[in-house]
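In what follows, a structure is listed as structure tokens, so that the remarks can point back to it.
Protein chains: 2
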Amino acid sequence: MQIRLFVPDDLFPDAGIFLSEAQAHYLRSVLRASEGTEVFLFNGRDGEFSGRISLLDKKKAAVGHLKRTRSQPEKKDLRLYFAPLKRDCTDLIVEKATELGATLICPVMTEYTSVSRVNTERLRLIAAESAEQCRRLDVPEICEPLSLKAFLSSRKKGDPVLIHSDESGRGRAASSVIDGTRPAAFLVGPEGGFSDAERRLIAQTPDTAGLDLGERILRAETAALAVLALYSCFK
Amino acid sequence: MQIRLFVPDDLFPDAGIFLSEAQAHYLRSVLRASEGTEVFLFNGRDGEFSGRISLLDKKKAAVGHLKRTRSQPEKKDLRLYFAPLKRDCTDLIVEKATELGATLICPVMTEYTSVSRVNTERLRLIAAESAEQCRRLDVPEICEPLSLKAFLSSRKKGDPVLIHSDESGRGRAASSVIDGTRPAAFLVGPEGGFSDAERRLIAQTPDTAGLDLGERILRAETAALAVLALYSCFK
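As structure tokens, then:
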């Protein structure tokens, strides 16, 4: 089992870097690592590097003798806009969306959204931890929440088609809407769905497409994971 | 929001049935239902029926004046065999697999499986609740756990191809392995993956196929949900 850590610093061959206090704690107390243990580092820009822990005490950790082990892959553009749910489900969406390749995750407040606050700092930690575990070399960007109306009106010409689930039976089949080689944006509503006014607003927004996810009514978080899986795992 | 309940009894027009004590409690204390409230019932055989609560006290509930609202769809054959994970993740797999259409869910014990007991009674409740919420008209069968070896040797000619995730880079693309119109069986390993001996055993088993789920290493539960989404939501 590899130890993989996301770091903000620039990484280059032979460099040495300090880790955060939280990472020092994690290495010592959770992973029982020690000086000399091999770790892998990535920052979302410079690829993946391996190195050895050169210093590890209660508050500090450093890694030295970096060697590049993988180059940074070209960044995809896979955006997930979702109505935040209760905390466990929101956490699940961020963790799984990171595994499934989302590059931008943005909470969108809708009429039937029952949570009023989203701790985006916490979601950034979850995304980083999930990226560390799934061997991604970048961490999805977590945006500050915005209203559905503000989000829809902020869309620009050239933005990827906004795909949303359509349970009316008139949605399009995944094979005609999802193409894993092109940028995509998914919009997933809250537990209670979008309001009628919101549905009209989405229908009036250019470059959107309703997607039929099958006859069962999926929970919001399941719908989010299903569309991301269709995009990232089907080829 | 419809109230939907899974019941074991036969359902037919104009019938009346008693609900379980747990359902009586759920209707009264969680949903604040009362006599006269409309509920929908299904049993996995007779389709869906609507009726009105005709009796509701602390321990008993009955529903009368049943009318058929949907006929029972033809049963699919979508089997998920998975190495049980820690409780939250196992619960998640059962809940989401039910939403995504699995018809049989079976825990399979492998060399690196770290849990030793699986409460299948509890998983049956989770599956029933998930079916109630997603408007399915059947509840997936939850099997008692069996060892990977016993499972593989119990496979018979005519069983659906056993599809397992293959992270070696030599796995096949979903488009060549998954066909949502035919019976399918998925096998998902534990956190640590299958052992080398288990991999050999799977490779020697007839009618199996390794599936490439993309470059990232998905957690076990994410892999389970991704393959089910590919099967059930792609068309």
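For the record, the sequence lines run as chains S and C. For the first sequence, the residue numbers in numbering that gives the first Met the number 0 are 0 to 234. For the second sequence, the residue numbers in numbering that gives the first Met the number 0 are 0 to 234. Cβ atoms here follow ideal geometry from the backbone N, Cα and C, with glycine treated the same way.
Original post:
Applying the criterion that 16 or more other CB atoms from any shown protein chain within 10 Å of the CB defines a buried residue, is residue 221/S buried or exposed?
Top reply: By the 10 Å Cβ count, residue 221/S comes out buried.
Original post:
Of all the options 1/S, 82/S, 15/S, which has the alpha carbon lying nearest to the alpha carbon of residue 39/S?
Top reply: Nearest option by C-alpha distance: 1/S.
Subject >> Nearest to residue 210/S (by Cα), restricted to the options 91/S, 196/S, 230/S, 194/S >> reply: Comparing Cα-Cα distances from residue 210/S to each of 91/S, 196/S, 230/S, 194/S, the minimum goes to 230/S.
**OP:** Measure the alpha-carbon distance for residue 162/S versus residue 183/S and round it to whole angstroms.
**Re:** Straight through space, the alpha carbons of residue 183/S and residue 162/S are spaced by roughly 8 Å.
Original post:
Given that residue 193/S touches chain C, what residues does it touch there, using C-beta distances under 7 Å?
Top reply: Within chain C, no C-beta atom comes nearer than 7 Å to that of residue 193/S; the closest sits roughly 15 Å away.
Original post:
In whole angstroms, what separates the C-alpha of residue 166/C from that of residue 6/C?
Top reply: Between the alpha carbons of residue 166/C and residue 6/C lies a distance of about 41 Å.
Original post:
Opposite residue 183/C in the DSSP bridges: which residues?
Top reply: DSSP lists 77/C as partners of residue 183/C.
Subject >> Inter-residue Cα distance where the pair is residue 74/S and residue 46/S >> reply: Whole-angstrom Cα-Cα distance: 11 Å.
Original post:
Are the stretch 144-155 of chain S and the stretch 99-112 of chain S touching, with three or more C-beta to C-beta distances below 8 Å?
Top reply: The stretch 144-155 of chain S makes contact with the stretch 99-112 of chain S; the number of CB pairs closer than 8 Å reaches 3 or more.
Original post:
Between residue 101/C and residue 96/S, what straight-line distance do the alpha-carbon atoms span, to the nearest angstrom?
Top reply: The C-alpha of residue 101/C lies about 22 Å from the C-alpha of residue 96/S.
Original post:
Run through DSSP, which three-state label would residue 120/S get?
Top reply: Residue 120/S carries a helical assignment under DSSP once its states are collapsed to helix, strand and coil.
Original post:
Leaving out the 5 sequence neighbours to the left and right, which residues in its chain are closer than 6 Å to residue 88/C when beta-carbon positions are compared?
Top reply: Cβ neighbours of residue 88/C beyond the five flanking positions: 220.
Subject >> Cβ-based burial, residue 50/S [other Cβ within 10 Å; buried from 16] >> reply: Its Cβ being crowded by 16 or more others within 10 Å, residue 50/S is buried.
Original post:
residue 216/C versus chain S: which residues are under 7 Å apart at the beta carbon?
Top reply: Near residue 216/C (Cβ distances below 7 Å), the residues of chain S are 133, 134.
Subject >> Where residue 171/S sits in the DSSP three-state scheme >> reply: The answer is strand: DSSP assigns residue 171/S an E or B state.
Original post:
What is the residue span of the alpha helix (DSSP H) that residue 150/C lies within?
Top reply: Following the DSSP letters along the chain, one finds residue 150/C inside the alpha helix (DSSP H) bounded by residues 147-153.
**OP:** Less than 8 Å between the CB atoms is what I'm expecting for residue 228/C and residue 99/C, so what's the real figure, rounded?
**Re:** Between residue 228/C and residue 99/C, the beta carbon gap of about 6 Å places them in contact (Cβ cut-off 8 Å).
Original post:
Are residue 84/S and residue 114/S touching if we call contact CB-CB under 8 Å?
Top reply: With a cutoff of 8 Å on beta-carbon distance, residue 84/S and residue 114/S are scored as near each other.
Original post:
Could you check where the beta strand (DSSP E) with residue 207/S kicks off and where it finishes?
Top reply: Start and end: 207-210.
Original post:
Comparing the C-beta of residue 188/C with each C-beta of chain S, is any distance below 8 Å?
Top reply: No, no contact with chain S.
**OP:** Measure the C-alpha to C-alpha separation of residue 268/C and residue 156/C and round it to an integer number of angstroms.
**Re:** Coverage of chain C is limited to positions 0 through 234, which leaves residue 268/C absent and any answer about it impossible.
Original post:
What residue from 160/C, 176/C, 44/C has the CA that sits closest to residue 206/C's CA?
Top reply: Distance check between residue 206/C and each of 160/C, 176/C, 44/C places 160/C closest, using alpha-carbon atoms only.
Original post:
Taking DSSP as the reference, what is the three-state secondary structure of residue 217/S?
Top reply: Reduced to three states, the DSSP call for residue 217/S is coil.
**OP:** Tell me, please, which residues DSSP counts as bridged to residue 51/C.
**Re:** Beta-bridge annotation (DSSP): residue 51/C is paired with 37/C, 63/C.
Original post:
According to a CB-to-CB cut-off of less than 8 Å, which residues of the stretch 86-100 of chain C neighbour chain S?
Top reply: Hits within the stretch, in order: 91, 95, 98, 99, 100.
**OP:** Would you mind giving the Cβ-Cβ distance between residue 232/C and residue 173/S, rounded to the nearest angstrom? I have them listed as a contact below 8 Å.
**Re:** Confirmed, Cβ separation roughly 6 Å.
Original post:
When we look at the beta-carbon of residue 69/S and count the other beta-carbons within 10 Å, is it buried (16 or more) or exposed?
Top reply: Classified as exposed, residue 69/S has fewer than 16 neighbouring CB atoms from the shown chains inside 10 Å of its CB.
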